[in-house]
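S.K.: Quick one: this structure, given as structure tokens, is what I'll be asking you about.
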Amino acid sequence: MVENVYDDPYDQALADQRFLAAATAAHTGRWSLLDALWWEWHPEDPAPSGSPSPIHRLRELQRRVFAADGDAAGDHAVAQVVRELEAEIVAERSAATDAITAAHADLRRRTADPGQPAPTADGPPHLDPSADPTEGTGDSPAPATPAEVPTGRTARRRLLPSAIVAAALVAAAVIGAVLGSRLTEAASSPAPSASATAETPGNPAALFAQEQRPEDIPAQAMSASFEPDSFRYLGSAGWAEDPNLVGRSPFYAVRASGSLICLVAIPEGSGYLSTCALESEYPSIGLRLSWESADYLAQLPPDFYVEDEMGDMIGDVTVIWGRTGEVTSEMTLRSPTGP
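Take the sequence shown: its letters are residues 1 to 339, numbered as in full-length UniProt numbering.
See below:
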């Protein structure tokens, strides 16, 4: 009987030829499928094929354009490249998710009916990690023994899902507490749900109509290109003992020169990241920032239980300020040692 013992889709694609074939048949993205599967768990690492991480490139561009010492500050051409790369990443990750979903559906069908034929795919079943599965030729390797217990990186990955969900819910609680009180004054709207998304008014600039409060003012000096009176605290990627206080790794909305509105984050209280767009051309995917946290345990409540094996993990944090004003924060965990 076929059994899914993998959480990392890249590992599963290498071990299960039919999983790879099903994912390849369903994949509609432009990225190499194996690269896309790798970046699901290792978003900032180069793929085994040697392809550089698009998210790592995005962060480098964001720093160039929006960091205090950025060499492309105010360069609208580079800012446009940032927005295009953001849109590409969203589309490609969605395509990868669809491919993984289809492959898992095929796996469930095979579990129920072991005699079912494998799905057809344009690419050969050759599993060289350095090659695109739609290129080249090769003989099929023997499929992995279904009952084989995963070891190494795969075994570590199996510890992650519950912690990822819990971290996302912690982030949701922090954002919900911050925006919930602010929205009661702005308009009547439903309370944030128990997900990683908090609802805000119908357009991102609506928050600027609110009066600035003490928690809206960042604790560290910011670029002169930001309008000091326009900072608005959106939430925090870390847990705060007092929900009325600014949490660890806060993020803000702010106006900037040139009719820009920006999302600014202060990861773990040191330095800042920002990304901006013209208010009239706010991207459909929203503004987003990502960073890694080497001390994610410090961002969780003191009574939050974490298994010993999780203590050395790196947290990849992403914050999105959506086009309709919603703010989403999520954190995924990965091993600092890699494969």
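Quick reminder that beta carbons are idealized off the backbone N, C-alpha and C, glycines included.
(1) Shortest alpha-carbon distance to G271 belongs to which of L245, A112, A221?
(2) Between the segment 244 to 257 and the segment 45 to 63, are three or more C-beta pairs nearer than 8 Å?
(3) Compute the distance between the beta-carbons of P204 and G70, then report whether it is under 8 Å.
(4) Would you mind sorting Q80 into buried or exposed? The rule is 16 or more other CB atoms within 10 Å of its CB.
(5) Residues in its own chain within less than 6 Å of A103 by CB, not counting five upstream and five downstream?
(6) T318: which of L14, A36, E44 sits nearest, CA to CA?
(7) Where does S94 sit, in a helix, a strand or coil, going by DSSP?
(8) Are M331 and A265 touching if we call contact CB-CB under 8 Å?
(9) Taking all protein chains shown into account, do 16 or more other C-beta atoms lie within 10 angstroms of the C-beta of L183, making it buried, or fewer, making it exposed?
(10) Between Q62 and the rest of its own chain, which residues show a CB-CB distance below 8 Å, the 5 nearest in sequence each way excluded?
(11) Measure the alpha-carbon distance for G286 versus V90 and round it to whole angstroms.
(12) Can you tell me which of Y10, A219, E211 puts its alpha carbon nearest to the alpha carbon of P267?
(13) Look at the alpha carbon of A99 and the alpha carbon of D11, and state the distance between them as a whole number of angstroms.
(14) P9: buried (16+ other C-beta within 10 angstroms of its C-beta) or exposed?
(15) Measure the alpha-carbon distance for L14 versus R30 and round it to whole angstroms.
(16) Output the residue ranges of the beta strand (DSSP E) runs that lie fully inside the segment 261 to 287 and measure 3 residues or longer, sorted by chain position.
(17) Could you spell out where the beta strand (DSSP E) holding A25 opens and where it closes?
(18) Among L37, A72, V78, E86, which one has its Cα closest to the Cα of H56?
(19) Exposed or buried, what is L245 when buried is set at 16 or more other beta-carbons lying within 10 Å of its beta-carbon?
M.R.: Taking the coordinates as given:
(1) A221
(2) no
(3) no
(4) exposed
(5) F19, A22, A23
(6) E44
(7) helix
(8) no
(9) Low confidence applies here, because L183 scores a pLDDT of 36, under 50, leaving its location unreliable and the question unanswered by this model.
(10) V82, L273, S274, T275, L289
(11) 11 Å
(12) A219
(13) 15 Å
(14) buried
(15) 20 Å
(16) 273 to 278
(17) Segment 17 to 26 is the alpha helix (DSSP H) holding A25; no beta strand (DSSP E) there.
(18) E86
(19) exposed
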